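See structure below.
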Amino acid sequence: MGKLIVVACGAGINTSTIAEDSIRERMAKEGFTDVEVKRILMADIEGYLTRTDLVMIVSMMKIFRTFDVPVIQGMPFLIGSQTEKDVLLDKIVDVVKKV
Amino acid sequence: MALEFNETLIAFDLQAKNAKEVIDFLAKRMCAQGLVTAEYAAQTWAREQHHPTGLPTRPFCIAFPHADAEGVHRSALGVAVLRQPVTFQNMADPDEGLEVSIVFMLANRDPEEQIHTLRNLAELFGQPEKLVEMREQSTLQEVESWLRRELRLG
Numbered sequence: 139m140g141k142l143i144v145v146a147c148g149a150g151i152n153t154s155t156i157a158e159d160s161i162r163e164r165m166a167k168e169g170f171t172d173v174e175v176k177r178i179l180m181a182d183i184e185g186y187l188t189r190t191d192l193v194m195i196v197s198m199m200k201i202f203r204t205f206d207v208p209v210i211q212g213m214p215f216l217i218g219s220q221t222e223k224d225v226l227l228d229k230i231v232d233v234v235k236k237v
Numbered sequence: 005m006a007l008e009f010n011e012t013l014i015a016f017d018l019q020a021k022n023a024k025e026v027i028d029f030l031a032k033r034m035c036a037q038g039l040v041t042a043e044y045a046a047q048t049w050a051r052e053q054h055h056p057t058g059l060p061t062r063p064f065c066i067a068f069p070h071a072d073a074e075g076v077h078r079s080a081l082g083v084a085v086l087r088q089p090v091t092f093q094n095m096a097d098p099d100e101g102l103e104v105s106i107v108f109m110l111a112n113r114d115p116e117e118q119i120h121t122l123r124n125l126a127e128l129f130g131q132p133e134k135l136v137e138m139r140e141q142s143t144l145q146e147v148e149s150w151l152r153r154e155l156r157l158g
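Residue numbers (my numbering), protein chains in the order written: chain A, 139 to 237; chain B, 5 to 158.
Below you can see the structure in the form of structure tokens.
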């Protein structure tokens, strides 16, 4: 089964794309061909929580609740240094490798 | 994909009381050049209430207000370097106010193009030294040529 990472943002068009680009690029570099990276609206998150292939949530919004899968705050993809971006990408790689 | 950007779309050392004044100022400039409709200021302000665009960049915050493509005739970038910061709400947490020193106002005809602009801007957002460099430009013309170079606007 494939692995799904959702990238959620408030308004849904722009900022999550920046995170999505970085994550896709890293997944390709790692040779993870079974990982799907999908941009969604935070308001639509419920529909994804029941999916059995969901392995991780990257949220451009602050997170005020808990989820059954690992969640990371994706703002550094938009405003962080390269080092901060790499730290997040390493975390994502770890999660993908473990599931 | 041509992005309209010129001297009159930049406000340098702008004195504004609040975020709405900055948005109104830049939208008016865009409208005067026929780039957006007269409603663009109101549409942008309305969007800002539901989906704020302040970002906690370092060492000072920025915002990138914009509205939907319907009010846009030609894609444009407006920039305001503020004398004193104004408060925008945080995109990641609308309950948090951020003191914003530079405003990048976007007007885009299509989402793809907006993403392209945002990608270039995001490169600056992640580099504190670049933001400082931008704010330290001493004339409006310097701000314009600096941005043209950094955003590769040609």
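Just so you know, even glycine gets a beta-carbon here, dropped at the ideal spot from N, CA and C. Only a predicted model underlies this, so the values are computations on that prediction, with no experimental measurement involved.
Go through its chain and collect everything with a Cβ distance to residue i's Cβ below 8 Å, but skip five positions before and after it.
i                      : result
residue 218 of chain A : 226
residue 165 of chain B : Here chain B comprises residues numbered 5 to 158, so residue 165 of chain B is not present and cannot be evaluated.
residue 205 of chain A : 187, 195
residue 70 of chain B  : 48, 51, 57, 109, 110, 111, 112, 118
Starting from residue i, find everything on chain B with Cβ-Cβ shorter than 9 Å and list it in chain order.
i                      : result
residue 213 of chain A : 59, 60, 95, 96
residue 198 of chain A : 95, 96
List the residues of chain A that residue i touches, going by C-beta distances under 7 Å, in chain order.
i                      : result
residue 119 of chain B : 152, 155
residue 123 of chain B : 156
Starting from the C-beta of residue i, find all residues in its chain whose C-beta is less than 7 Å away, skip the five residues before and the five after it, and write them out in chain order.
i                      : result
residue 194 of chain A : 143, 207, 208, 230, 233
residue 114 of chain B : 73
Against residue i, what residues of chain B qualify as contacts under a CB-to-CB distance less than 7 Å, listed in chain order?
i                      : result
residue 149 of chain A : 55
residue 218 of chain A : 130
residue 176 of chain A : The contacting residues do not exist; residue 176 of chain A stays about 16 Å from chain B at best.
Report the residue from the options whose alpha carbon sits nearest the alpha carbon of residue i.
i                      : options                    : result
residue 99 of chain B  : B:59, B:68, B:74           : B:59
residue 138 of chain B : B:25, B:102, B:17, B:10    : B:17
residue 128 of chain B : B:77, B:142, B:107, B:145  : B:107
residue 38 of chain B  : B:49, B:54, B:8, B:27      : B:8
residue 152 of chain A : A:174, A:222, A:213        : A:213
residue 172 of chain A : A:141, A:237, A:223, A:183 : A:141
residue 202 of chain A : B:55, B:96, B:44, B:45     : B:96
Since residue i sits in a beta bridge, which residues does DSSP pair it with?
i                      : result
residue 144 of chain A : A:176, A:195
residue 15 of chain B  : B:84
residue 66 of chain B  : B:59, B:106
Spatial neighbours of residue i within its chain, please: C-beta separation below 6 Å, excluding the five flanking residues on both sides.
i                      : result
residue 176 of chain A : 144
query = At which residue ranges does the region 81-154 of chain B contain complete beta strand (DSSP E) runs of 3 or more residues, listed in the order of the chain?
reply = Runs of the beta strand (DSSP E) inside the region 81-154 of chain B: 97-111.
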